[in-house]
Amino acid sequence: MGVCGTSTMVDLNSQEVFNAELYDGDILYAYPISNSMQDVVLISGYFKRPGFYQWKENLKLSDLIDSLDDLLPNVDTNYVVIKRENPKDKTYSALQADINTLINNDDYKDDFELKSRDEIFFFSTISMDIDDSTQESKKVLREKIVELQQKKLILELQVVEATTSSLQPKREMTPIIALLFVFHSS
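So the sequence shown is residues 1 to 186, counted in our numbering.
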């Protein structure tokens, strides 16, 4: 026996979704949204406000850094790296910038136009002299932290699963975010 009926695609971002009628026996499919980040740049490292910033057309490095006040003390203003992903083959390239010159010179040629998914790395000028035993201790500590984070995640997932299963019948659910496909039974 085959599936009878019609198929309707509904965009949840439109008014059309409010007019869609559902009937007994209708089957809804919701496809997950890609978890990749788009239209953002990421500032990492030794920076006052690291994190994601919204990318827009013609965004330049100078748009994110207005003055030296935006930077932490002892940041290396002569060396900043921009990691850029090639969207076609997912390879990376690196660009180098001098923030000191950028801030003090309005027509700085290396005021790069940023691309979506660029990552900007800031570094400290303070050198860290770490002996081998300290490095080994830090490595063990990092490994223990990762192990504990994994255990915590497993426990959180178990709590969510237990809560979900106690509240409703067990069935696989996908968040309804982007598109719904509605099949009307005949």
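Every residue gets a Cβ at the ideal spot worked out from N, C-alpha and C, and that includes glycine.
Bear in mind that the values here come from a model prediction, so they are computed numbers and not experimental data.
**Asked** Taking the alpha carbon of TYR46 as the point to measure from, which residue in LYS151, LYS83 and ILE120 has its own alpha carbon closest?
**Response** With respect to the C-alpha of TYR46, the residue from LYS151, LYS83 and ILE120 having the closest C-alpha is ILE120.
**Asked** ASN105 and THR77: beta carbons closer than 8 Å?
**Response** The beta carbons of ASN105 and THR77 sit no closer together than 8 Å.
**Message:** What does the alpha-carbon distance come out to for the pair ASP70 and PHE123?
**Reply:** 14 Å
**Prompt:** PHE18 by DSSP, collapsed to three states: which one?
**Reply:** helix
**Rounded straight-line distance, which links the Cα of LYS60 to that of LYS115** = Inter-residue distance for LYS115 and LYS60 is about 9 Å (C-alpha atoms, whole angstroms).
**Item:** Within 8 Å, strictly: CB atoms of VAL40 and ARG142
**Value:** Their beta carbons are not under 8 Å apart, which means VAL40 does not touch ARG142 by this criterion.
**Request:** Could you tell me which of LEU157, MET9 and SER44 sits nearest to LEU64, measuring between CA atoms?
**Result:** Answer by Cα proximity: SER44.
**Message:** Going by DSSP, what residue range makes up the beta strand (DSSP E) through LEU61?
**Reply:** Note, LEU61: premise wrong, no beta strand (DSSP E); alpha helix (DSSP H) at 61-64.
**Asked** Quick one: what's got a C-beta closer than 8 Å to ALA91's C-beta in the same chain, skipping five residues either side?
**Response** A small fix is needed here, since residue 91 is Thr in this sequence, not Ala. Contacts found: GLU85.
**Request:** Can you tell me the Cβ-Cβ gap for THR96 and VAL75, rounded? I've got them flagged as a contact below 8 Å.
**Result:** One detail in the question is off: residue 96 reads as Gln in this sequence, not Thr. With a Cβ gap of about 15 Å, GLN96 and VAL75 do not count as contacting.
**Request:** Identify every residue that forms a DSSP beta bridge with ILE126.
**Result:** BP columns for ILE126 are empty, so no partner.
**Option in SER62, LEU22 and ILE154 with minimal Cα separation from SER7** = Ranking SER62, LEU22 and ILE154 by CA distance to the CA of SER7 puts LEU22 first.
**Asked** In its own chain, which residues sit with a C-beta less than 7 Å from the C-beta of ASP112, not counting the 5 before and 5 after it?
**Response** Reading off the sequence, residue 112 comes out as Phe, not Asp. Cβ neighbours of PHE112 within its own chain (closer than 7 Å, five residues either side excluded): LYS60, LEU61, ILE82, LEU95 and ALA97.
**Item:** CB contact flag (ILE103, LEU148, <8 Å)
**Value:** Taking 8 Å as the cut-off, the beta carbon of ILE103 is found no closer than this to the beta carbon of LEU148.
**Item:** Three-way DSSP call (helix, strand, coil) for LYS88 in this model
**Value:** coil
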